[in-house]
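If you count the sequence shown from 1, position 40 lands on 125 in the numbering used here, and the numbers rise without skipping.
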Amino acid sequence: MKKILGLLFLATALIACETEPLDPSLNGGTPGGGSGSGGGTVTASIVGDWDYDDYVTNTTLTATVMGNTVASTSSNELVSATSVLSFNSDGTYTVVGDQTFEIFSQGISQGNQTISINDSGTYVVNGSDLDLVPSSSQSSSGLPQFGQDADFTIDILTATDLVILINSDTTQNVNGATQRIEVDGFGDFTRQ
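Next comes the structure, spelled out in structure tokens:
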């Protein structure tokens, strides 16, 4: 359960870490994010403060131990949030506030979990691709940061709306077992 919550938090922190510099020399992109290649609709700058409207992640964990494979699924759905994701013009981001998620394991609700977040890092927007680099390997909640292996794609970025798609596929070897973690989801934000 801790790993599932860790994945949820990491995905949340990474999504919350988006910021696009206005100076194209900082990220190789264009002011406002450019048009992207194969991505979504980018018609405004990401710089600013964003409120969380919706956030959902779906995770599949497949573990193979001594030739036996076991798979489990979980999902996290945003119930409420007071957190704000801020992208600054200098290429830094912050996520500060509380988020409450309903957690599902194998399709069954495990109840709500509230996480307090106070995280930061740097970001780069190149077209519709969003790269987030947390300033610490551990989040303010004490969980490992998620995102070094995650792909973030800006699906919609207008003057008032931001939708980010999340995709991660990581394989690890842990104590003789192979563990594959697949995460997909989205974050939906409104500019303050």
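Idealized CB from N, CA, C, for every residue including glycine.
For T128, same chain residues with a beta-carbon under 6 Å away, outside a window of 5 residues either side, are T243 in chain order. In this structure, S159 and T144 form a Cβ contact; the two beta carbons are roughly 5 Å apart against a cut-off of 8 Å. Annotation for V248: the continuous beta strand (DSSP E) segment containing it runs 246–259. The segment 250–257 makes no contact with the segment 174–185, as fewer than three CB pairs between them are under 8 Å. Non-local beta-carbon contacts of M151 in its own chain, meaning distances under 7 Å to residues more than five positions away in sequence, are absent. Judged by DSSP secondary structure, V141 falls within the beta strand (DSSP E) whose first and last residues are 133–150.
Counting the other Cβ atoms within 10 Å of the Cβ of V132 gives 16 or more, which makes it buried. Excluding five sequence positions before and after A156, the CB atoms of its chain that fall closer than 6 Å to its own CB belong to T147, given in chain order.
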